[in-house]
Amino acid sequence: MLETVKTRIRESISVKQHLLDDDEVIQRIADVADSIKHSLRSGGKVIFAGNGGSFADSIHLAAEFVSRFQKDRPALAAVALGANNSILTAVGNDYGYDRVFARELEGLAKAEDVFIAISTSGNSTNIIRAVECAKQMNIRTWCLTGAGGGELCDLAQCVCIPADNTARVQEGHILVGHIICELVEDARTAERD
C-alpha cells in the first residue's frame, strides 16, 4: 500500500517535471492567460466546459475567476457550461448529448470571450462540437488535454499534459488552471493599482 502511494506521487512529480521542461507548453500557458486578460479588458468572459472530472475542473476554475484565487479583487467574468441542470437536460433531450455544450455556447458566448475546453482524451464528442461551434462564432479557443491531444488539437490550440493516465492528466489540468488564474489575477490587480 505504501509503495502505491509513493509510486503515484512519483508519477505526479514526473508529469510536472515534463511540463516544467517544455518551453512550448510554458509559453502556451502564458498565451492562454494573455488571451483571457485581453478578453476581460474587452468586456468578454471566460467560458469553460468539460465532462466528469473535467466538468468539476471547469466549475472550480470558473469559481476562482468569479470569487477570487489568491487576492481580493473585483469579480472576473467566467462561467462553466453544463452547470445549469435544466439547460443541460433540456438540450440533451431535445438535441442530444453531443450538443449540450455547443447549444449553451451559442446562447451565451460572444466574439470577445475565451473558450477553454477541458478533455483528458481530447476526443469527447460534445467538447469537439463545442469547439467547432466556438470556431464558427470566432471565439478564441484553447483546449486542455492529455498526451497527444486527440481530435481537439486539430481544431484549436492545446495545452497537452504529458500523461496518458486520466488522474495524472487531471492533476496537470488543475495545476495549469491555477497558474492561469494567478497570471490573470496578478495582471488585473496591477491594472487597478
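Residues in the sequence shown are numbered consecutively from 66, following my numbering. Each residue gets a CB set at the ideal place from its N, CA and C atoms; glycine is no exception.
The shortest C-alpha to C-alpha distance from Ala-255 to any of Lys-102, Thr-72 and Glu-76 is the one to Lys-102.
Following the DSSP letters along the chain, one finds Thr-210 in no alpha helix (DSSP H) but inside the beta strand (DSSP E) bounded by residues 205-210. Judged by beta-carbon spacing, Arg-168 lies beyond the 8 Å limit of Tyr-162, meaning their Cβ atoms are not closer than that value. For Ala-127, the closest of His-243, Asp-86 and Lys-81 by C-alpha to C-alpha distance is His-243.
Judged by their CB atoms, Leu-248 and Lys-81 are not nearer to each other than the 8 Å cut-off. Within the DSSP secondary-structure output, Ala-145 pairs in a beta bridge with Phe-113.
Contact check for Ile-193 against Phe-113 fails: the beta carbons are separated by 8 Å or more. In this structure Gly-214 is buried. Its beta-carbon is surrounded by 16 or more other beta-carbon atoms within 10 angstroms. If you draw a straight line from the Cα of Ala-95 to the Cα of Arg-138, it is about 21 Å long.
Rounded to the nearest angstrom, the Cβ distance from Thr-210 to Cys-225 is 5 Å, consistent with a contact under 8 Å.
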